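Undergrad:
Numbering (mature numbering (1 follows the signal peptide of the UniProt record, and there is no 0)), first residue to last: -20 to -1, 1 to 1139.
(1) Since residue 443 contacts residue 416 with CB under 8 Å, what's their CB separation in whole angstroms?
(2) Return helix, strand or coil for residue 166, following the three-state DSSP convention.
(3) Residue 230 and residue 329: beta carbons closer than 8 Å?
(4) Check each candidate in 715, 327 and 700 and name the one with the smallest Cα separation from residue 707.
(5) Taking 8 Å as the cut-off, does the stretch 1068 to 1075 touch the stretch 1118 to 1127 (at least 3 CB pairs, one atom from each stretch)?
(6) Under three-state DSSP, which class holds residue 1014?
(7) Helix, strand or coil, according to DSSP, for residue 804 in the structure here?
(8) Run the CB neighbour count on residue 771, radius 10 Å, all protein chains shown included, and call it buried at 16 or more, exposed below.
(9) Identify, in the order they occur along the chain, each residue of the same chain with its Cβ nearer than 6 Å to the Cβ of residue 1, setting aside the five sequence neighbours on each side.
(10) From the DSSP output, in three-state form, read off residue 5 for me.
(11) With burial defined as no fewer than 16 other Cβ atoms inside 10 Å of the residue's Cβ, what is the status of residue 911: buried or exposed?
(12) Looking only at its own chain, which residues have a Cβ that is under 8 Å from the Cβ of residue 485, when we skip the five neighbours before and after it?
(13) Residue 1127 to residue 850, Cα distance in whole Å?
(14) Kindly indicate which three-state DSSP category residue 406 falls into: helix, strand or coil?
(15) In angstroms, rounded to a whole number, what distance separates the CA positions of residue 325 and residue 318?
(16) Quick one: using the 10 Å Cβ neighbour count with 16 as the cut-off for buried, is residue 108 buried or exposed?
(17) By DSSP, does residue 976 sit in helix, in strand, or in coil?
(18) Whole angstroms is fine: what's the gap from residue 58's alpha carbon to residue 36's?
(19) Please classify residue 565 as buried or exposed, where buried requires at least 16 neighbouring CB atoms within 10 angstroms.
(20) DSSP puts residue 443 in a beta bridge; with which residues?
(21) Can the beta-carbon of residue 503 be found less than 8 Å from the beta-carbon of residue 473?
(22) At 4 residues or longer, and completely inside the stretch 95 to 167: list those alpha helix (DSSP H) runs for me, N to C.
(23) Can you grab the Cα-Cα spacing for the pair residue 713 / residue 987, in whole Å?
(24) Residue 1149 and residue 513: beta carbons closer than 8 Å?
(25) Identify which residue in 685, 656 and 375 has its Cα closest to the Cα of residue 673.
(26) Given this structure, state the Cα-to-Cα distance separating residue 854 from residue 698, to the nearest angstrom.
(27) Quick check on the DSSP output: the beta strand (DSSP E) that includes residue 950 runs from which residue to which?
(28) Around the Cβ of residue 228, are there at least 16 other Cβ atoms within 10 angstroms (buried) or fewer (exposed)?
(29) Using beta-carbon positions only, say whether residue 1090 and residue 1035 come within less than 8 Å of one another.
(30) Spatial neighbours of residue 1052 within its chain, please: C-beta separation below 8 Å, excluding the five flanking residues on both sides.
(31) Pick helix, strand or coil for residue 792, following the three-state DSSP scheme.
(32) Residues in the same chain with beta-carbon distance under 7 Å from residue 951, minus the five sequence neighbours each way, listed in chain order, please.
(33) What are the boundary residues of the alpha helix (DSSP H) that residue 957 is part of?
(34) Contact check, residue 980 vs residue 645 under 8 Å by CB: the rounded distance?
(35) Between the stretch 266 to 284 and the stretch 365 to 375, do at least 3 Cβ pairs fall closer than 8 Å?
(36) So, for residue 1055: in the same chain, excluding its five sequence neighbours on each side, which residues have a beta-carbon less than 6 Å away from its beta-carbon?
In structure tokens form, the structure reads like this:
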């Protein structure tokens, strides 16, 4: 899931190049979504109005508008009834596909949980926004065309028997075909377009809503037989996903796969056209429909199956119990060994096993079996295992049936008449399930029987189907799209596991999925083949293309791209948990390891937590989001506190003073593909369905007062594999100081400042000359530090932010720290003399040029807190000279004037830097501003004033450029300039920098370091790129002293040494109304604008402290050639990945939330 957008949709960018773009379906709430009148007009064209379902369990929630105790009792009574679940659009057979699962929560609608808890909500999950109850083919065509025109997410549900949730989808529109139930028989069916004189055959044509239980009976009533699916209760659909996935059956060895028996299909294509497909008409489509997976190539409106005469059958049943491991092993070895001979002697069926029990439910055609070797072969197996010590045969029955129908009815419909294994226990209706399938080839049974037996023994529980060989093996592998592996296999082994839906955490769900894949991997390791059955799809399947279609995939994909160029009918192919998306490009060996979160079995127990708390200066804080006090349904509700919170919402200083508040509130929030789960006090808090989501606000906070607090927390988090985060002030563009269900080290209260007139780093050679310096603890902020340094007649290189709330001892120095003072004194990291940190091991160490020099190198620009948690930073201080400041406000009244101004500005840029100016050059719309500073009054560089005046004179003559303000004025020093323009902005001149303070709003940011070379060699191209931006905040902070430091002297991005200006782009959105798609659109816009500048600079260089959500290749962007050394140091210092942050060093493989890692 990986270093890019925090919206799951954007995870696909993980392996894409800089040109990669994200395109999204249009969802309800987005501006692109059809308006209510358009929806109403569409509804009028349908047989029935749209249904807008809530999840089945919603009627059990008192805080849900659908609450109805009587309906709740009925729903709970039918919860595990598969037939009922097919009869309503909102229910899946496997309920995890009605649910949204992210890295911290299972957002579901569970009527068996504590529905009376007002904080529990019935989540819509993947239950669709709208449902078309299909009654006619026209309903399908009109919906397909409407969905295509408006780029909607379209899904199709027949019965909902589906292992990957492909018939469900968040905020989708569903074609519910269940009510199309027509069945037509023919004694002489001839496919459309067949040559004249083609002999007709017995056949049955069904609409897509028909289910196998009913169809088997109607076919049997005519003395016929049809190859179909086997499922307890008969509720599997016969006209949807089953035939489109290939369709194996207990009848397959005698008559072929389901797709081998299809004579014709009719479908509505993604274009809305209704067509027929068979061997003679649309043969490529017919090839694809038979096994290519549904509904990728069209929405079935009918399927015509060949029918066969119905012979009597012989069935054999076995129940064996193994009392020893040795007996179990010998039984399995014998079973594997006899397998091919048994198939060749005419048997098919099922061989489930669970724990110590092994079962057979086999069938042979004829009574007695038509194959003369059938009974003797099976009896030979029985006789063999009867002599194995530790094997007890509890039941051994062979009996005749009048035909397949009687066998099916007694064992799968009316199971009280069944013999041996009870197949109704295999009906997972109304429970969550993770499933896997492995097609076991004949070659494996024949050539590796012992190895296969050992692999089977590793599974506690499995449901294998002996459905191959015979007729199945006689069809060419490329005759149709179905997996070629079917033609060589004998058995399909299916593994299915469930979990407690009421209590399971996301990590427990993921653990079940991983177990299923690990078990399947054990079989695949023996078969040497990835072959699997797409209708028994595996959530974490490695390389789904190979697993489900093998060598047929390239042809399938080409047909798909031709038929569906707009990707209207695209279904889920991999894990639905964002955590597992990283597996999309992983090898079969890929594993996922996760942090341990509250609610997981691995999480420390309350007594352990309590013992830990006793070692700290103060007990843990368990914060709720700031806005929680405004929600009447929240336990923290307090109207007085709500008014106070709302009044301080945009106060950056206040946000630094509490642990639960980020400066940019999107990082307090969880955003997935369908919802912005936030805690917005300005929304409709009185709506009982609105909830204050915990989001990324931490589970627990350590209010750090001592270094020991940090050490103890680090060791505790490491010991228990917890998600550990660090917050100083929360000025952070990627949410690295927040994290769902994390434990936070809140260092804001460590506020000590110490000055020295002769500071010497620890370990320096004797006689090293001391320098003026200041040592600060991590909670100190620049506003206070500037003042205290200035009070001593000194100057310090630091960050500039409205209100002075940026931290001086946390992320700023660890990210490099550029400043308006940098051209005169260097970057922040160029001025660091020493740092002390708590390492991921818990050790407290000093780092400087002489002590731990590699660590010191990494700390200066490697990004925080990747290499340790700062406990102090010592900065060099400088004498404080007077300064000269220059301010400009220019307004452009024409596009030509704006273009000429920018060209002149770019052209003068290098000369202006060399003449001693630094500062800011923001622009927005038609306005262009300068806030510049030069050392000295007058400037110590004699060219300063003349160079700047030359630029003013030049632009003053340009048509379409009006100079509204031009001021040059002296200040007693940097401190006066800073106070008047950034602290007390009422005294400021020109641009008001407080409007650049994004506190309490969401923001997406990007940064591009523009090299001197680009200003000098591509001025016109650069000017044109800058003109494309509506709004930007560039910093002229390079050149001068910055450029005189070697690029590899420390970890900070080498691009800083050649740059002159850092251009920062920031956009926001309406937090109350924005949809996930609108948020993503803002993020994309920011990256597109940054890409326009990068295309000119030919360099990815960016400032890690102005991190970009969708930045291409963060390693190159933030650290360039320094990254390999940084990563090596990180891996040595932090082998357990305790201090991993998004887009941080060594974060490759971790999901965006730093919850799970693919290795």
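Glycine included, each C-beta is placed from N, C-alpha and C at the ideal position. Since we're looking at a predicted model, the values are computed, not measured.
TA: Let me lay it out:
(1) So it is not a contact: roughly 11 Å between Cβ atoms.
(2) strand
(3) yes
(4) 715
(5) no
(6) strand
(7) helix
(8) exposed
(9) In this predicted model, residue 1 has a pLDDT of only 43, less than 50, meaning its place in the structure is not dependable; the value taken from the coordinates is given anyway. None.
(10) coil
(11) buried
(12) 86, 577, 579 and 580
(13) 20 Å
(14) The pLDDT assigned to residue 406 is 47, lower than 50, so where the model puts this residue is not dependable, and the model offers no usable value.
(15) 11 Å
(16) buried
(17) Because residue 976 carries a pLDDT of 49, less than 50, the predicted location of this residue cannot be relied on, and no value is offered for it.
(18) 10 Å
(19) Caution is warranted here: a pLDDT of 29 is assigned to residue 565, below 50, making its placement in the model unreliable, and no coordinate value can be reported.
(20) 474
(21) yes
(22) 117 to 129
(23) 11 Å
(24) No statement about residue 1149 is possible, as the shown extent of the chain runs from -20 to 1139 and does not include it.
(25) 656
(26) 28 Å
(27) 941 to 951
(28) buried
(29) no
(30) 660, 662 and 663
(31) helix
(32) 862, 863, 865 and 957
(33) 954 to 958
(34) 6 Å
(35) no
(36) 9 and 10
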